[in-house]
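So the structure is just underneath, and the comments pick up after that.
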Amino acid sequence: MGEKNALRRVVLLALGLLLTAAVLFGCGRDENQEALKKISCELSLDLPDGELLTAEDSHGGFHGDGLFFAAVRFADGTMEERLKADGHWQAFPANETVQALLCGYEFTDGRYGPYLTDGDGTPLIPAVENGYYWLRDRQIIDGQASGADILHRGSFNFTIGVYDSDTGILYCCKMDT
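With the first letter of the sequence shown counted as 1, position 70 gets the number 86 in the numbering used here; the numbers rise by one all the way through.
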């Protein structure tokens, strides 16, 4: 009978440790808040609470290459007002570089993009008619290439934010190649 009690104690202790580890190392996290925090950081915005629709991050590996993509829906119109007041965000229609990154664009020297796509080549961000965007080229060196040269490089290191005013959805993409 003593062996059964000892075994029962070991099993209960193991279950207790497993539950504690699960809470400390991830199961207790609020993924919605973590994604909003990452989007806030990437887009330099203070975000109100929103409904996280999706968040995926393939960064990792040796050089940290990958793509972070998230979409958040905001119920009220406060996000649009914030973007209007922010000097970085521009109203649609997007410039040619942003169009090429999001959905592809036909230039005189050929077609570029789309670059922000899923595994099947479908653009991650649907066409937006009314809204705002911000492209942050993280590869620019002061006094050298401007954001317009982004399509003619061997690698991409940029962050783009797109807000669709019609749906209330904010998209955030960070690409590193």
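Where a beta carbon is used, it is the ideal one built from N, C-alpha and C, also for glycine.
C-beta atoms of residue i and residue j nearer than 8 Å
i	j	result
leucine 61	valine 88	no
tyrosine 149	phenylalanine 174	no
tyrosine 121	tyrosine 131	no
isoleucine 166	aspartate 182	no
phenylalanine 90	proline 64	yes
Local conformation of residue i per DSSP, three classes
i	result
glutamate 145	coil
leucine 118	helix
leucine 167	helix
isoleucine 156	coil
asparagine 111	coil
glutamate 47	helix
Between the CA atoms of residue j and residue i - distance to the nearest angstrom
i	j	result
leucine 118	cysteine 189	10 Å
alanine 71	phenylalanine 123	32 Å
cysteine 57	aspartate 73	15 Å
glycine 135	leucine 83	12 Å
glycine 170	threonine 193	9 Å
glutamate 112	lysine 54	27 Å
Rounded Cβ spacing between residue i and residue j (contact assumed at less than 8 Å)
i	j	result
leucine 151	isoleucine 185	Actually they do not touch by this definition, with Cβ atoms about 18 Å apart.
aspartate 180	glycine 147	5 Å
valine 178	valine 144	6 Å
threonine 133	proline 139	6 Å
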